[in-house]
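Visitor:
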Amino acid sequence: MEPFKIKMIEHIQITTKKERIKTLQNCKYNLFNIPSNLVMIDLLTDSGTGAMSDEQWSAIMTGDESYANSKSFENLKKIIHELFNYKFFLPVHQGRAAEAILSSILINKGDLIPSNNHFDTTSANILDRGGTPVNLVADTNIDNSFKGNIDINKLDAFLNNNKERIPYCMVTITNNAGGGQPVSLSNIEDIYNTCKKYNKKLIIDACRFAENSWFIKQREHKYKNWTITNIAKKIFSLSDGATFSAKKDAIVNIGGLLLLNDKDIFENAKNELIIKEGFPTYGGLSGRDINAMAIGLKEGCDEKYLEYRTGQISFLHKKLIDAGIPVISPPGGHAIYIDAGKILPHIPPNQYPAQAFSLECYIEGGIRSVEVGSVMLSFLSPDTNQIIYPKLELVRFAIPRRTYTQSHLLYVIDTIIAVFKRANTIKGIKIIDSPKLLKHFSASFDWIS
Ligand code: F0G
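Numbering (our numbering), first residue to last: 352 to 800.
#1: Only counting runs of 4 or more residues, tell me where the alpha helix (DSSP H) segments fall wholly within the segment 639-695, in order along the chain.
#2: If you reduce the DSSP assignment to three classes, tell me which class GLN532 lands in.
#3: Is it true that the CB of ASN476 sits closer than 7 Å to the CB of GLU450?
#4: For ASN612, which residues in the same chain have their Cβ closer than 8 Å to its Cβ, ignoring the five residues on either side in sequence?
#5: If we ignore side chains and look at the alpha-carbon of each, how far apart do ILE777 and ALA707 end up?
#6: Could you spell out where the beta strand (DSSP E) holding PRO700 opens and where it closes?
#7: What does the alpha-carbon distance come out to for the pair ILE750 and LYS575?
#8: Use the C-beta contact count for ASN459: other C-beta atoms within 10 angstroms, 16 or more gives buried, fewer gives exposed.
#9: Any idea if ILE698 is buried or exposed, counting beta-carbon neighbours within 10 angstroms, 16 or more meaning buried?
#10: Let me confirm a value: PRO631 is counted as buried when at least 16 other C-beta atoms fall within 10 Å, else exposed. Which label applies?
#11: Could you pull the start and end residues of the alpha helix (DSSP H) that ILE365 belongs to?
#12: Looking only at DSSP bridge pairs, what is CYS520 linked to?
#13: According to DSSP, is ILE626 part of a helix, a strand, or is it coil?
#14: The alpha helix (DSSP H) with THR766 in it runs from where to where?
#15: For LEU761 and ALA557, I'd like the C-alpha separation in whole angstroms.
#16: Who are the Cβ neighbours of ASN526 in its own chain at under 6 Å, not counting the five residues just before and after it?
#17: Evaluate GLU711 with the Cβ neighbour count: other Cβ atoms within 10 Å of its Cβ, from every protein chain shown; 16 or more gives buried, anything less gives exposed.
#18: Identify every residue that forms a DSSP beta bridge with ASP393.
#19: Looking only at its own chain, which residues have a Cβ that is under 8 Å from the Cβ of LEU389, when we skip the five neighbours before and after it?
#20: ASN526 bridges to which residues according to DSSP?
#21: With GLY592 as the anchor, note down where its alpha helix (DSSP H) starts and where it stops.
#22: So, with DSSP's three-state summary, where would you put ASN576?
#23: For ASP734, count neighbouring C-beta atoms within 10 Å of its own C-beta (all shown protein chains included) and say buried if the count is 16 or more, exposed if not.
#24: How big is the Cα-Cα spacing for GLY530 and SER421?
#25: Could you give the C-beta distance for LYS621 and LEU441, rounded to a whole number, given that I count them as a contact under 8 Å?
#26: Buried or exposed: where does TYR418 fall if 16 or more other Cβ atoms within 10 Å of its Cβ makes it buried?
#27: Quick check on DSSP: helix, strand or coil for THR776?
#28: So does the segment 734-743 actually touch the segment 773-790, counting three or more Cβ pairs closer than 8 Å?
#29: Considering only DSSP beta bridges, list what ALA749 is partnered with.
Next comes the structure, spelled out in structure tokens:
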């Protein structure tokens, strides 16, 4: 059961299928354009959409809004010291601000940045600096437990062949763009050692470090008696820095961190932060946001909470598998990913099968999901001038933290099954208008008739 009770509610507006068809038309078939009051269950993202606890709301009231060296910053510093293993940190307003600062300092035109899978904002920040994001997630795994792992042989060969063009490597935990799958501690250790062999820094995209640590505890025998905090500390000790969006595992509506060991990089980052975000003890956040983040970091590592959270995802996963729906398995920590490429084999990647499936789920039940396929992840390689398509056409149903109940999930399951049953009637999609980077946020679409 949910290890909390509900103190405050937000009403859901119940809409009809006819209304939703009209809404989609008005919103140019882009689910990001839909007014949130016309969404019944919002599974667009687990980012910034979680429900804060009474302790977090209390901390909001005691936030210290001093410009410099606030009490709130001290609260944050204390918990960061307990959880992370870095010498320096800067608060930023969200994860991509940390990515933008890091990229602007370290990436030059023509550089290559390897990772398991970069998330869209990370890729966009790299591309924006003239670099190329490179994904080296392992294709085959001896077991299924850690499908976010990097292929170490590939990483070694890649570093060996491109030494001069690689300023740093990354690893995303959990691997959001690759199905929310965890990375094992032994893989993180191997990645770190491989980076050291070539004298390269390793930066962790740590958005979902607590969920990843939970999977390590469950699935990597050696760590089964470790606390989540100690596992997290161990992960971070095997790296040189981290970018962090607190909107995920710190269960706040806004916030992020850039964490570093290297003093020179930190000093440069601090200057960038002051120009773009704010003074180094608040970095684009209010004191109350920082207070809520400090408490959320602790709550996000609570084992009872993590058991419930990952349990919700595996419940959803099991019910869909039972209905014969192709879903990425095993379930990850924050979302289920439906393989729309498999459900809609009659729609090729350049007609966006995952976008089509996610639109149908909105029509069917007012559920907002997000395409993680060729709309979000295909890009024009500056290296080859060709469009690189992702391997999978996925639709992600991300579960906000502590927000929806079991019966909401049952409704989601019924809706997805109804769409699945009429898959052969679903049509492909064309892009009418689109920006160059991060197309999915603002492109307009239409059905192919
Ligand atoms: N890295 C990963 C792995 C992410 O999932 C995200 C955000 C970011 C970086 C950027 O963080 O949003 O705070 O700037 N992911 C959200 C999502 C948007 O829906 O998965 P941000």
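Beta carbons are placed, not taken as given, at the ideal position from N, Cα and C, and that holds for glycine.
Every value quoted in this text rests on a predicted model; they were computed, and no experiment measured them.
Guide: Inspection of the coordinates gives the following:
#1: Uninterrupted alpha helix (DSSP H) stretches at least 4 residues long and entirely within the segment 639-695 occur at 654-673 and 691-694, given in chain order.
#2: strand
#3: Against a cut-off of 7 Å, the Cβ pair of ASN476 and GLU450 comes out as a contact.
#4: TYR437, LYS438, PHE439, ASP591 and GLY592
#5: So the alpha carbons of these two residues sit roughly 7 Å apart.
#6: Premise fails: PRO700 is in no beta strand (DSSP E) and is neither H nor E.
#7: A direct Cα-Cα distance of roughly 26 Å separates ILE750 from LYS575.
#8: exposed
#9: It is buried - the Cβ of ILE698 has at least 16 other Cβ atoms within 10 Å.
#10: buried
#11: Element bounds for ILE365: n/a, residue is neither H nor E.
#12: BP columns for CYS520 point to LEU553.
#13: Here ILE626 sits in helix by DSSP.
#14: 757-772
#15: 30 Å
#16: Once the five neighbours on either side are set aside, the close Cβ partners of ASN526 are ASN467, ASN468, GLY499 and GLN532.
#17: So GLU711 counts as buried.
#18: ASP393 is bridged to ARG719.
#19: GLN364, THR366, GLU370, ARG371, THR374 and GLY717
#20: ASN526 pairs with GLN532.
#21: Unbroken run through GLY592 is the beta strand (DSSP E), 592-596; no alpha helix (DSSP H).
#22: If DSSP states are grouped into helix, strand and coil, ASN576 belongs with coil.
#23: Under this definition ASP734 is an exposed residue.
#24: Using only the alpha carbons, I get a separation of about 39 Å.
#25: 6 Å
#26: By the neighbour-count rule (16 or more Cβ atoms within 10 Å), TYR418 is not buried but exposed.
#27: Helix, per DSSP.
#28: no
#29: ALA686
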